[in-house]
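Trainee:
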Amino acid sequence: GQEPFRPTWTLHYFCRWEGTVSFVVDVSQEFETRLHAIQAYKSQFSNPGADPQTFISHPQFLESIIARAKYYGSKIETAYGEPFWSRETLRVEDPVDFLGSKDREWATLR
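Every number in our numbering is 51 more than the matching position in the sequence shown, counting from 1.
#1: Pull up the distance between the alpha-carbon of Thr-61 and that of Pro-134, whole angstroms please.
#2: On the three-pair Cβ rule with 8 Å, is the region 140-151 touching the region 118-131?
#3: If you compare alpha carbons, which of Phe-65, Phe-112 and His-87 is closest to Gly-132?
#4: Please report the distance separating the alpha-carbon of Ser-73 from that of Trp-136.
#5: Write down the C-beta distance between Ala-120 and Phe-82 rounded to the nearest angstrom, noting that I regard them as a contact closer than 8 Å.
#6: In whole angstroms, what separates the C-alpha of Ser-94 from that of Val-147?
#7: Could you tell me which whole beta strand (DSSP E) segments of length 3 or greater appear in the region 69-123?
#8: Can you give the Cα-Cα distance for Asp-145 and Val-76, rounded to whole angstroms?
#9: Any idea what DSSP makes of Pro-58, helix, strand or coil?
Structure, rendered in structure tokens:
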């Protein structure tokens, strides 16, 4: 048999619940592709008069995904963002490098 896998840490994606956000990822470049991928499963979404309504068959489901991504994008000054949560504390050796800014632009007061 194989040795048990024990992840060092896990990241949680906010789908239907909200909580304390550990970080937000800029997904602006990929967001249109994501919407097209979701819309490829059109038969699973709003179809009035069909089966009982579910979370994803609600008429506002797609709008809620867009609004949520815009909200989290606004928190990091981008068009769209994805929030994540980590139960474990993330270790950072170099905060400037971690934040992806060599010129320390992130430290500018706004």
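Glycine included, C-beta positions come from ideal geometry on N, C-alpha and C. Keep in mind it's a predicted model, so treat the numbers as computed, not measured.
Mentor: If we stick to the structure as given:
#1: 14 Å
#2: no
#3: Phe-65
#4: 5 Å
#5: 6 Å
#6: 46 Å
#7: 74-77
#8: 19 Å
#9: coil
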